[in-house]
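Structure first, commentary second.
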Amino acid sequence: MYRAYYSLSFEEDRAIKTQILADIINQETYRNPDLALRQIDSLTAIQCKYGSYQQCMDANYRIRGSYYAALGQKLQALKYYRTYIDSAEISGWGGGYFLIDVGNIYYSFNLNPLARKLYQRAEQIFRKEKHLKGLSTVYGNYGLLAQRQDSLQAAIGYTQQAIFYQLQADTIPMQLAHAYTILGKMYEKAGDYEQAEKALDNGIQTFENHQDISEYQQFKSYHLRAYAYLMGVYEQQGKKEKARYILEEVLPTMEQKIAGVENIDYYLSIAQTHMQANNLAKAHLSLQQAESLLKGGESNSVRLSLDQAWAKYYNLSGEDKLAAKKWQANFNQLKEMRKQDSRSLSLSELLLQQEKDHMIQLQKQSLRSAEKQGYYLFLIVIISLLALLSTSLFLWKIKAKNKILSNYAQIISRSNENKKTLLSVIGHDLRNPFNYLLHQSHILLERFQHEDGLVTYADLQQLEQSSKQIYLMMEELLQWVRLEDRDLSANYQKENLSQLLHEVLAQEEDLLQQSVLHINVELPKAIYLETDANLLKIIFRNMLMNAAKHSQAHEQIRLKATIEQNQLVVSIQNPGSLPKQTVENLRKEEQLDRVFKGQGLGLRIIKQLSQQLGLSFEIGQGETGYVAASLLWPPHTPIKLEEAARQAHQLEDPKETYSPGFLSTLQQQNLLQFEIYEAQPLYAALQKVEQEQANPADRRLFQLLEDAVYEGDRQKLEELYEIINHAH
Numbered sequence: 001m002y003r004a005y006y007s008l009s010f011e012e013d014r015a016i017k018t019q020i021l022a023d024i025i026n027q028e029t030y031r032n033p034d035l036a037l038r039q040i041d042s043l044t045a046i047q048c049k050y051g052s053y054q055q056c057m058d059a060n061y062r063i064r065g066s067y068y069a070a071l072g073q074k075l076q077a078l079k080y081y082r083t084y085i086d087s088a089e090i091s092g093w094g095g096g097y098f099l100i101d102v103g104n105i106y107y108s109f110n111l112n113p114l115a116r117k118l119y120q121r122a123e124q125i126f127r128k129e130k131h132l133k134g135l136s137t138v139y140g141n142y143g144l145l146a147q148r149q150d151s152l153q154a155a156i157g158y159t160q161q162a163i164f165y166q167l168q169a170d171t172i173p174m175q176l177a178h179a180y181t182i183l184g185k186m187y188e189k190a191g192d193y194e195q196a197e198k199a200l201d202n203g204i205q206t207f208e209n210h211q212d213i214s215e216y217q218q219f220k221s222y223h224l225r226a227y228a229y230l231m232g233v234y235e236q237q238g239k240k241e242k243a244r245y246i247l248e249e250v251l252p253t254m255e256q257k258i259a260g261v262e263n264i265d266y267y268l269s270i271a272q273t274h275m276q277a278n279n280l281a282k283a284h285l286s287l288q289q290a291e292s293l294l295k296g297g298e299s300n301s302v303r304l305s306l307d308q309a310w311a312k313y314y315n316l317s318g319e320d321k322l323a324a325k326k327w328q329a330n331f332n333q334l335k336e337m338r339k340q341d342s343r344s345l346s347l348s349e350l351l352l353q354q355e356k357d358h359m360i361q362l363q364k365q366s367l368r369s370a371e372k373q374g375y376y377l378f379l380i381v382i383i384s385l386l387a388l389l390s391t392s393l394f395l396w397k398i399k400a401k402n403k404i405l406s407n408y409a410q411i412i413s414r415s416n417e418n419k420k421t422l423l424s425v426i427g428h429d430l431r432n433p434f435n436y437l438l439h440q441s442h443i444l445l446e447r448f449q450h451e452d453g454l455v456t457y458a459d460l461q462q463l464e465q466s467s468k469q470i471y472l473m474m475e476e477l478l479q480w481v482r483l484e485d486r487d488l489s490a491n492y493q494k495e496n497l498s499q500l501l502h503e504v505l506a507q508e509e510d511l512l513q514q515s516v517l518h519i520n521v522e523l524p525k526a527i528y529l530e531t532d533a534n535l536l537k538i539i540f541r542n543m544l545m546n547a548a549k550h551s552q553a554h555e556q557i558r559l560k561a562t563i564e565q566n567q568l569v570v571s572i573q574n575p576g577s578l579p580k581q582t583v584e585n586l587r588k589e590e591q592l593d594r595v596f597k598g599q600g601l602g603l604r605i606i607k608q609l610s611q612q613l614g615l616s617f618e619i620g621q622g623e624t625g626y627v628a629a630s631l632l633w634p635p636h637t638p639i640k641l642e643e644a645a646r647q648a649h650q651l652e653d654p655k656e657t658y659s660p661g662f663l664s665t666l667q668q669q670n671l672l673q674f675e676i677y678e679a680q681p682l683y684a685a686l687q688k689v690e691q692e693q694a695n696p697a698d699r700r701l702f703q704l705l706e707d708a709v710y711e712g713d714r715q716k717l718e719e720l721y722e723i724i725n726h727a728h
């Protein structure tokens, strides 16, 4: 498989390569678990970068959970399975079987309600797909849940329905025989021996007719159990001859064919039958055979069942001390197992009965003591009346205060309505005059740029800047009024973040042209994530207006979106610098007004909406000579990127002169021949390149190459090799 994996091209055969990698993971899980885990990390990196969201979730959570489940680490497996169930789309009959597997883990931990919930989800999928085999599995599990909860009639009904679906579906005969065996045992426990005999006969007949198929080896222990259960039914019905025939003629030949730990339950059933017939010698022999198969195992449910059978045997044999010793050891072992993991164990019938007896004794003691403590009832009644009186008085006071607060709320509501109306009217009436003022101030600034007079060029610059700031502040004021009237609850949908940013730029194109500002955009072609488009566009618009507010004419505003340490960052940068004290003040909400000279309304809007979306907003020093307003998504937010070519107007890097030996080594090593996730050959090639550095330009280029490799940025690596190919 490794040879086939490395022979395929990543660009053309990614789907085949990832499938082979998944097969390698399955192969190495038991043989080399550490290697399998590293391969899962590689598969996750590939699927999350190049595949769909569903493929990313499958690799990171479903396959990783299956890895831990295969190694027996069920709690660790549940951690990933639960995340996958909550985040990914589960459909198709394959998804139904996945839900059943997770439900079986819950069942093993005795978490029956959670197991049933997943079985029900699987049932919905199988019904939609009309997958009868899956429905039979679901109803079989329903039957086991009902049997565990001592509801035998419900368990029988579910198991009958499972058999009905199996008869209609194309299932293997062994599964049908197994279901008949379980159904027969349920009928026996319910006391319906006639139906139990019929079900067990059907199961045995199915086993007998299909012993030549490969699946028989997996289910052969249930063949023995079916005979043992049937023999017990015959004993209950008084059919001694039939029971003796199975015991003396059938079972000896079957035991020669089958021997293993899985048959302990069979020998326990035989021993129970012998003890019911008071044949203690043969019961002792069967228990000894069960002991030899168990081989000294002391910490499992089989050990518990065997100890209980020994206790019953000693009791019937008159050896009461040995029986009591077995019962006590069995009880202590159950309590110790419960302490180790209370979620993973269910108590045996013995422990339940002992706990019931203990509760009965407590109830008797409580009744005897209640006869002497009747006066407590009178005291409780008096306390209850006092509490009721106090509660009524408290509620009356609360009602009076609520009425006062309601009046205040109406006054405040009317005041807010008047405030919104006033600000809206003022903003609307001032918009056109300020548009004209802003336009004329820019014309005057261009016209008198090189002329002296009473009005200096600096005065005109101040006039234009003040007009622009007043206009932007008025826009923020109007937007704040509109936000006051809106329901700010987020409505999350899958959106293209790059498209939203371009829409905001298009909406504010007139403002940017009037301010004579240049925009440098560095965005991927698409950034897909779950967000609220309307709220996010308001945030971006205010970030852009804030940058324009603090920029002069003909200056450049930079808009970038990057992934830094698994965190999406969108920044809008304007020329300028921030003193250290200013950066400290920005961390305090109340300092916004002081830092930006009373014009912090837009920043307040950004912070309010950012918190609503669960994002972080920061202002700090950006690139050299720039101040950056940055919007940060939480780490590991699920996103999907589509890279785009660099913008045509992006600034070009200055020409560098590299040493010939350094360039020659770079071209010989050719880092592009490796996949970006093939760490070992990439780092080996980098070490050879590092040895050829001869001047500062070489070191700067090597640093960029090293960053691209560590960040896994294939596009950046290709761009650097374009520089290398044209370098001198």
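Heads up: the sequence shown at position 289 corresponds to 289 in the UniProt record's numbering, and the numbers run straight through without jumps. Note that CB positions come from ideal geometry on N, CA and C, so glycine has one too.
Who does residue i pair with in a DSSP beta bridge?
i	result
P575	Y626
A526	E642
I90	Per DSSP, none; premise fails for I90.
S616	L632
V521	L559
K494	E530
L568	I563
Q621	V627
Based on Cα-Cα distance, which residue from the options lies nearest to residue i?
i	options	result
P173	Y187, R148 and H223	H223
I526	L497, E123 and L511	Per the sequence shown, the amino acid found at residue 526 is Ala instead of Ile. Looking at the Cα atoms, L497 is the closest of the given residues.
P638	G238, Y53 and S108	Y53
P113	L145, A122 and R82	L145
N520	L285, H502 and G94	H502
E249	A228, Q211 and Q237	A228
F331	Q175, G318, Y313 and S305	S305
I606	Q668, H554, N542 and K312	N542
K716	N407, L704 and N725	L704
R127	Q149, F109, T159 and S91	S91
E706	A685, I125 and E618	A685
I20	Y313, L43 and Y165	L43
L535	Q612, F394, Y180 and S384	Q612
R38	A59, A177, R14 and Q55	A59
G614	Y492, A179 and L544	Y492
R558	L523, L35, K537 and L701	L523
Q507	A490, Y471 and L544	L544
Between the beta-carbon of residue i and the beta-carbon of residue j, is there less than 8 Å?
i	j	result
G620	N546	no
A309	L268	yes
L183	I204	no
S616	I539	no
L517	E555	yes
K560	S571	yes
Q667	K688	no
A226	Y234	no
L641	Q567	no
residue 732	A122	What the structure shows of the chain is the stretch from 1 to 728, and residue 732 is not part of that stretch, so it cannot be assessed.
L505	A548	no
Y245	M275	no
V187	A196	The residue you asked about is not Val; residue 187 is Tyr in the sequence shown. For Y187 and A196, yes; Cβs fall inside 8 Å.
Q166	Q175	yes
Y84	R62	yes
Of all the CB atoms in chain B, is at least one closer than 8 Å to the CB of residue i?
i	result
L615	Given the protein chain composition of this structure (a single chain), no chain B is represented.
Requested in this report: Taking 8 Å as the threshold, find out whether the region 615-635 comes into contact with the region 658-674 through three or more Cβ pairs.
Outcome: no
Query - Segment contact, 8 Å Cβ cut-off, at least three pairs: the region 99-107 with the region 137-147 - result: yes
Query raised in the report: Are at least three pairs of beta-carbons, each pair with one atom in the region 63-79 and one in the region 24-32, less than 8 Å apart?
Result: yes
Query raised in the report: At a cut of 8 Å, does the region 109-120 reach the region 128-136 through at least three beta carbon pairs?
Result: no
Requested in this report: Pair every Cβ in the region 190-205 with every Cβ in the region 229-242, then say whether three or more of these pairs are closer than 8 Å.
Outcome: Yes: the two stretches touch, three or more of their Cβ pairs being nearer than 8 Å.
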